[in-house]
Structure formats: C-alpha cells, structure tokens
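In short: position in the sequence shown from 1, add 36, done, that's the working numbering.
From the three backbone atoms N, C-alpha and C, an ideal C-beta is built for every residue, glycine too.
Read the structure below first, then the notes.
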Amino acid sequence: MIVTTGMKPTDEETAQAKALARELGGRYVPRGNATLASFMRRYDSKQVLVTGPDGLRLHTADGDQPLRYHPGMALVRVKRLREGARDPLVEISGVRPGDSILDCTAGLAGDSFVFSFAAGPAGRVVALESEPVLHAIVREGLRTYRTGMVDADAALRRIELIRADHAEYLSSLPKNSVDIVYFDPMFRIPVYESSSMEPLRGVANPAPLSHEAVREARRVARRVVVLKENRDSGEFERLGFTWVKPKKTSAVAYGVIRVEHH
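Set out below in structure tokens:
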C-alpha cells in the first residue's frame with residue numbers, strides 16, 4: 037500500500053503520512069503533482085492512503101468513493117437522543133449512564149458513538165477493530181472529527197479504539213467484566229440501500245461471527261449480548277440470539293442474549 041499526502045501538504049500531514057507508512061507496513065511516496073491513479077499503476081498498488089486537512093482517505097483501484105471517517109447516521113441518532121428521542125439500540129441494549137460497553141466489531145464506530153453518548157462521561161466504550169487500515173482511519177477520525185456539539189464531540193473522544201481480534205480480546209477478559217457486549221459484523225446479506233457502507237465493505241473483516249466468540253461474550257457480559265444483522269440472514273437462529281422484530285420497513289434487526297450469572 038502507498039501512503040501519501042494531498043498536493044499541498046503541511047509538515048504535519050507529511051509527518052503523519054510517513055508515520056502511517058511505518059505503522060501499516062506501506063510505502064511513503066511524496067505526492068508532488070501525481071494523480072492517485074498514476075501511483076497505483078506505477079507502484080502496482082491497489083490502495084493509496086492519503087493524509088489531508090479533512091482526515092485520512094483510502095482510495096482503491098476498484099472503488100468509486102474513497103473511504104474516510106464519518107459518523108454517518110449515528111450523528112443523526114445522537115442529535116435525536118440529545119432532544120429526548122428514543123433509539124432502538126439504546127432501548128434494546130438497555131444501556132444506562134455509567135455503563136461499560138465492548139463493541140467487538142467497530143467498523144466506522146457509529147454504534148460506539150451512540151453507546152458512548154448514552155453511557156455518558158462516567159461510562160466506558162471499548163471498540164475493537166481487527167483491520168489495520170480501517171483502525172488507523174477511524175482512530176484519527178475519532179480524535180479529530182467535529183460535530184459542532186461539545187457533548188457529542190466528547191462522546192467521540194471517549195471511545196477507546198483498540199486494534200484487536202475480538203475473539204482473542206474476549207478470551208483475555210475476566211468473567212462479568214463489562215455490562216454490554218455488542219457485535220455488528222459485516223452483514224451476511226448486504227443492505228444495498230446503505231450506500232455509505234460500500235467503501236467500508238472492501239476493507240472490513242468479512243468473517244462471520246463464531247459460536248466461540250458468542251460463548252466468550254456471554255461469559256464476559258454482566259447483562260446482555262447484542263447482535264445487529266440483516267433480519268433475513270439466519271444468523272440470530274444460528275448463534276442462539278432472541279430476535280427483536282424490526283420496523284417493517286427496515287432490513288436491520290437486533291438479537292439479544294440476556295445473561296444471568298450465578
């Protein structure tokens with residue numbers, strides 16, 4: 037993978053590009069006036085990661101849109117929560133101020149954002165992302181993205197993003213150590229009307245959720261394990277979650293496992 041900058045980089049953006057190349061095992065190439073397509077041809081690379089004033093952008097040879105950090109619909113959901121509205125994930129998970137949440141499949145960390153806002157300053161959200169490039173993009177986004185709302189920005193900054201495989205991380209945790217464990221793997225059946233997810237699909241971990249990970253989640257969770265999936269995927273039945281009926285118009289559904297430790 038090639039790492040570069042915009043055409044008129046600051047010293048900070050150049051230093052960031054060099055550091056990211058070292059972190060990701062890529063190659064830093066000064067931008068000059070070259071196009072990103074020419075970089076891909078010249079260096080036989082299918083990915084170019086670009087630093088810039090608006091954050092990191094990942095351009096791919098087969099992608100129309102670059103992948104960059106954005107909170108997407110999570111920002112709309114947080115705005116609604118600020119106004120006292122209800123949110124399906126908040127209601128289904130039962131998240132309360134001060135809770136600890138482990139998001140095992142962060143992606144762009146949209147649901148982590150919602151959890152962090154709902155859990156408040158006394159809460160804790162740890163979000164796991166296994167894929168190095170996606171981890172780097174989201175890490176920088178959580179650090180720098182501005183929503184225009186002080187409390188929402190604070191919720192983003194509180195998210196602890198860790199590069200880790202969720203199965204390994206879960207196995208390292210003590211029993212009953214977090215209130216909520218959450219899974220939102222790449223859907224087995226994509227929701228194609230969610231066009232903002234297409235750039236993510238090319239770099240996210242495509243592996244299905246395992247029975248072992250769910251068993252570990254049940255051990256670690258104090259109250260509930262939650263799975264988000266396409267309602268027609270069959271994953272809720274396969275993994276032993278109780279399916280929560282979605283709105284008739286939504287392909288997205290949740291499954292829950294209520295945990296009782298003795």
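The residue from GLN83, TYR205, ALA110 with its alpha-carbon nearest to that of LEU103 is GLN83. If you check the CB distance, PRO221 and ALA243 come in under 9 Å. Remark: three or more beta-carbon pairs, one from each stretch, lie closer than 8 Å, so the region 169 to 181 and the region 142 to 150 are flagged as touching. Ranked by Cα distance from ARG116, the first of HIS106, PRO45, THR71, ALA154 is ALA154. Beyond the five residues adjoining it in sequence on each side, VAL169 comes within less than 8 Å, by CB distance, of MET37, LEU60, GLN83, LEU85, LEU94, VAL239 in the same chain, given in chain order.
Between the region 247 to 262 and the region 115 to 130, the count of C-beta pairs closer than 8 Å reaches three or more; the two stretches touch.
In the DSSP assignment, THR87 falls within the beta strand (DSSP E) that extends over 83 to 87.
Closest in alpha carbon position to ILE293, among ALA287, SER286, PHE272, is PHE272. A straight-line Cα-Cα distance of about 12 Å links ARG63 and ASP80. Between the C-alpha atoms of ARG122 and PHE277 there is a straight-line separation of about 23 Å. In this structure, DSSP gives LEU92 a state outside helix and strand, which the three-state scheme calls coil.
CA-to-CA, the gap between PHE75 and THR87 works out to about 15 Å. The Cβ atoms of LYS281 and ALA287 lie no closer than 9 Å to each other. GLU119 and ALA53 have their alpha carbons spaced roughly 39 Å apart. Taking C-beta atoms as the reference points, VAL114 and ALA191 count as a pair closer than 9 Å. With respect to the 9 Å criterion, VAL112 and ASP139 are not classified as neighbours on the basis of their beta carbons. For LEU92, the CB contacts under 8 Å within the same chain, skipping 5 residues up- and downstream, are LEU56, LEU85, VAL86, ARG104, TYR105, ALA172, ILE173, GLU176, GLY177 in chain order. Annotation note: the region 133 to 220 contains the following uninterrupted alpha helix (DSSP H) runs of length 4 or greater, listed N- to C-terminal: 146 to 155, 168 to 180, 186 to 194, 202 to 208. Under the DSSP assignment, ALA289 falls in the beta strand (DSSP E) whose first and last residues are 288 to 294.
About 10 Å separates the CB atoms of TRP279 and GLY270; that is not less than 8 Å, and the two are not in contact.
When the alpha-carbon of ARG67 is set against those of ALA188, ASP135, LYS44, the nearest one is in LYS44. The Cβ atoms of LEU164 and ILE198 lie closer than 9 Å to each other. Inclusion of SER207 and GLU167 in the CB contact set at 9 Å is not warranted, their separation being larger than that value.
Going by C-alpha positions, ASP135 is about 20 Å away from HIS202.
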